[in-house]
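I have placed the structure first, in the form of structure tokens, so that the comments after it can refer back to it.
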Amino acid sequence: MKSAVIVFPGSNCDRDIAVALEQASGRKPHMAFHKDTDLPDVDVIAVPGGFSYGDYLRCGAMAAHSPIMKLVKERAAKGVRVVGICNGFQIITEAGLLPGALIRNKSLKYVCRTVGLTVESTDSDFTKKYAKGQVIGIPVGHGEGNYVADEETLKRLEGEGLVAFRYAALPGQSAEQANPNGATNNIAGIFNAERNVLGMMPHPERAFDPLHGNTDGRAFFDSLVESLS
Amino acid sequence: MSATSWKEPEVTEALAAEHGIKADEYVRLLEIVGRTPTFTELGIYSVMWSEHCSYKSSRVWLKKFPTKAPWVICGPGENAGVIDIGDNQAAIFKMESHNHPSYIEPFQGAATGVGGILRDVFTMGARPIANLNALRFGEPSHPKTRQLVAGVVSGIGHYGNCVGVPTVGGETNFHKAYNGNCLVNAMTVGIADQDKIFYSKAAGVGNPVVYVGSKTGRDGIHGATMSSAEFTEDSEAKRPTVQVGDPFTEKLLIEACLELMNTDAIQSIQDMGAAGLTSSSVEMAGKGGLGIELHLEKVPQREVGMTPYEIMLSESQERMLIVLKPGHEEEARAIFDKWELDFAVIGHLTDTGHFVLKMHGQTYCDLELAPLFDAAPLYHRPTEPTPEQPALDLDESALWPSDLSLADILAKLVACPDLASKRWIWQQYDSQVGADTRFISGQSDAAVVRVHGTNKALAMSSDVTPRYCFADPVRGGMQAVAESYRNVSAVGALPLAITDNMNFGNPEKPRIMGQFAGCVEGMAEACRVLDYPVVSGNVSLYNETNGEGILPTPTVGGVGLLADGHKAVGLGFKNDGDVILLVGETEGHLGQSLYLREILGLEAGPAPAVDLEAEKRHGTFVRESIQAGLITASHDVSDGGLQVALAEMAMASGKGADLAGLDGWHIAELFGEDQGRYVLTVKPSDVDAVEAKAAEAGVTLTRIGTVGGDSLTAPGGHAISVAALVEANESWLPAYMDGKLG
């Protein structure tokens, strides 16, 4: 599996996702800078977390218009797998690769903690190594992760099984505590209609290594490697 | 506005006094300069001679700290301390206060505190891998406290989260002595290769002096002077002296500087912190014994019409000063262009020994540099010792209020502001970015972060018990270092060195200076015995408002090393059936304990004694047992004593314990704060091995119970539900911040 990681000014999870991709696939990802106007042939492109351009405008809004995103959109249209995590989810949503928007957390505060997620769909190259309905623990860290979309979009996402992950209670948590940001329908991650683009707020690269004390994110990377090698 | 020259105000003794220069200091200044200084020169002298920059009250005392060990690469005097962690790698770290600005403008004050300490570390060539914060606020019922907590926490998160450095540890306390002066002490730890460490000593006459980073604005002018005086009612009018932070620019600056450091372009580098361009240029040239000439019109500016005085005194953030090796300007410029940061050659090093500032051809400052750098006033301020606290005289019936059960007492303690869960705070910090975090505060006694790309990990902790320091500065200073040693040992790491952040009141008062001297004496002694030298630090004095000083608060930031981060042990109970062991001896010292304060409303008695030899013996035993894989959980006994330590281990895991071994123990033994103790848990099959090891090491070990169930079964048959303790512990801070509590 060949991969690329996009680096914007202010990205800060670029190294972390590159480490996970390299460990899972055995190949070093190509690191693409925001101003790059070419991109090697890759099987998967990761748009990492962070604060692209400081997120001083709406989160991801500046990055969505950077030169590299033109290439990312072209590749996505050709079927290359694209995953946006956290700020990456905000960026690819701003770029129109996914519907809806990520607004300020209901609490109005940044939140960093491990959340429970139900794997809603295993019918994708990102999730096939999980079991459908499995509850996994993955860390989040964001101030704007509250997923919203209009009624029609939500109906379509739900109807076509395009919700990838949903917030779920971990043992000892109430249903209210499970959702860290107020996201509609507890949505934590969604696919595009073709299922080659995934956006998600939680960080599987932070639950990958035994040192993290939790390796529930490992199957995410293993799914990609199995699908794309 | 395109003015090219300014008519500067005439300098008088009165104007000097407005700059915080006392009458005798002004006489000395005139002697050194040999004439009346210009307005710009006066401004420069005032910041260089401020307490904040010159350490004029504390320097004589700081010399008492041990600063050397075979593993110390660079001790105090540089931007941060440097220690050897093997494999040609170094850990670089420092803690610094941003107290005064945070009280005046909590969000930006705390944010720029984080930004400043990050720069101190990456300016030496290290990539920052962890941030910690020690926060102290006034009593919760004080009208300003809630707003300060909200602003400070939000500011720390805003900055640390964006720059992508995990905030992994720290402490938060509340006490009325901080009502008028909160403390925000920020610590950064970074990693560098030993052959890529950068220092600030300038060299090479003619070498270009380069300014990089953000543009200079009018923010922060006189910040250093503001931080060198007491507060009064109108101090909030000083808000314009607080700088505004831009973490996005800092992130770019980190990447650009580290990229430049991978080339061979840099001769020396320093960040522009307090007193901005003035202190960075004076210190760099001063250390090199050289002169420096700057052309201020070349300084990138955010506002029009800035005067030389304003440019030199601005404390705008995210700026660095670099001396390049000749011929490397274009290579360096290309890197800063890539990261879209300002880059300007603003001057050069000279052999004149003078500090020369020109703007559009006109000279605004021409001072001999050496005295500016090293002839600041040095005070041997009078000290007055803290009187000894009388011993407590309370029997068991006076100690145990008849209307409270043991369960009530414990629930009350774990819900008190100092012990209540700080989840509300740390959930607002990204503690996981970098994907190398093993433990954060609350999961273990010290935060543990892996050294990227290796199996090694650093253990980091911030500690001090100000109420002990107030009751007995020498013991309190000793205890702060000992607790740091204990917390780092409790995760299995070898304690290597500390950074200190000395927060005190007005040093012109002998009682306050006596607290400072006493704390230094105790700390220095502990550092010596524990082989735990001071490698960097910061002093913050004048933490007083309307004559009321804070508790003496010498915060200790400790760093230790684990050869294998996977072996680190947390504090939560691990397995049902594990045997609970107490390391150390219990006498029941209740003086200055949280039990007295929270249950009986007394802040009285002597601080607990510290036996440094026992600390060393116990720490070594705990560390070696963890390294041998014999320990499943480990926690030091500190605030609240043994019963609270056990409750914390239960709450962190949701598991209870049968504490039969405590049958017959008195209140003083259950809640006393005797030092040098740890609680360990061990698999039943390993108990013999651990006990044999303890006997061999001369360490007292007591079996006190077994892990299991969902409550702490206390002596006398009381069962205290772990869920109820968690509820009490978790609910205080969120409810308080929601305005539901006093």
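The listed protein sequences derive, respectively, from chains Y and R. Each residue of the first sequence is one higher than the one before, counting from 1 in our numbering. Each residue of the second sequence is one higher than the one before, counting from 1001 in our numbering. Even for Gly, the Cβ is constructed at its ideal location relative to N, Cα and C. Predicted model only: the values in this text are computed from it and were never measured.
Proximity of residue i and residue j at Cβ, strictly below 9 Å
i, j, result
"Y:Leu-162", "Y:Ile-190", "yes"
"R:Ala-1645", "R:Ser-1653", "no"
"R:Met-1320", "R:Gln-1270", "yes"
"Y:Ala-219", "Y:Ile-92", "no"
"R:Thr-1555", "R:Ala-1628", "no"
"R:Asn-1501", "R:Ser-1540", "yes"
"R:Gln-1301", "R:Lys-1176", "no"
"R:Glu-1615", "R:Arg-1486", "yes"
"R:Val-1189", "R:Ile-1156", "no"
"Y:Ala-64", "Y:Ala-101", "no"
"R:Ser-1444", "R:Leu-1571", "yes"
"R:Ile-965", "R:His-1452", "What is shown of chain R runs 1001 to 1742, which leaves residue 965 of chain R out entirely."
The beta strand (DSSP E) enclosing residue i, as first and last residue numbers
i, result
"R:Asn-1185", "1183-1193"
C-beta neighbour in chain R for residue i, strict 9 Å
i, result
"Y:Arg-104", "no"
"Y:Val-148", "no"
"Y:Glu-265", "Here chain Y has residues from 1 to 229 only, and residue 265 of chain Y is not among them."
"Y:Asn-12", "yes"
"Y:Pro-210", "yes"
"Y:Arg-113", "yes"
"Y:Ala-20", "yes"
"Y:Phe-220", "no"
"Y:Asp-36", "no"
"Y:Gly-143", "yes"
"Y:Lys-28", "no"
According to DSSP, residues forming a beta bridge with residue i
i, result
"R:Lys-1094", "R:Thr-1188"
"R:Met-1320", "R:Val-1212 and R:Asp-1271"
"R:Val-1583", "R:Tyr-1678 and R:Leu-1701"
"R:Pro-1401", "Paired residue(s): none; R:Pro-1401 is not in a bridge."
"R:Lys-1358", "R:His-1295 and R:Thr-1363"
"R:Ser-1461", "R:Gly-1558"
"Y:Gln-90", "BP columns for Y:Gln-90 are empty, so no partner."
"Y:Ala-168", "Y:Gly-116"
"R:Val-1451", "The partner list for R:Val-1451 (beta bridge, DSSP) is empty, contrary to what the question assumes."
"R:Asp-1337", "DSSP, once it has assigned bridges, lists no residue as partnering R:Asp-1337."
"Y:Ala-101", "Y:Val-148"
"R:Thr-1499", "R:Ser-1536 and R:Gly-1557"
Extent of the continuous alpha helix (DSSP H) to which residue i belongs
i, result
"R:Pro-1101", "1099-1104"
"R:Ala-1692", "1687-1697"
"R:Leu-1406", "1406-1414"
"R:Ala-1604", "Per DSSP, R:Ala-1604 belongs to no alpha helix (DSSP H) and is neither H nor E."
"R:Ile-1425", "1423-1426"
"R:Met-1523", "1510-1529"
"R:Thr-1040", "1039-1048"
"R:Arg-1146", "1145-1163"
"R:Cys-1257", "1247-1261"
"R:His-1052", "1051-1054"
Closer than 9 Å to chain Y by CB, residue i
i, result
"R:Asp-1674", "no"
"R:His-1019", "no"
"R:Thr-1352", "no"
"R:Tyr-1532", "no"
"R:Glu-1340", "yes"
"R:Pro-1106", "no"
"R:Met-1001", "Summary for R:Met-1001: the model assigns pLDDT 38, below 50, so the residue's position carries little reliability, and this model does not support an answer."
Other residues of its chain near residue i: CB distance less than 8 Å, five sequence neighbours each side excluded
i, result
"R:Pro-1371", "Ile-1032"
"Y:Gln-177", "Ala-169"
"R:Arg-1623", "Ser-1489, Gly-1492, Ala-1493 and Leu-1494"
"R:Phe-1621", "Val-1583, Lys-1693, Ala-1694, Ala-1697 and Val-1699"
"R:Tyr-1532", "Val-1481, Ser-1484, Tyr-1485, Pro-1495, Leu-1496, Ala-1497, Ile-1498, Ala-1526 and Gly-1558"
Sequence-distant residues of the same chain with beta carbon closer than 7 Å to residue i, five excluded per side
i, result
"R:Gln-1643", "Leu-1410, Leu-1670 and Phe-1671"
"R:Asp-1663", "Pro-1715"
Beta-carbon proximity list for residue i, same chain, < 6 Å, skipping 5 on both sides
i, result
"R:Gly-1125", "Ala-1192, Lys-1196, Ile-1197, Phe-1198 and Met-1261"
"R:Asp-1337", "none"
"Y:Val-83", "Ala-46 and Leu-198"
Closer than 9 Å to chain A by CB, residue i
i, result
"R:Asn-1088", "In the structure shown, chain A cannot be found, because the protein chains are Y and R."
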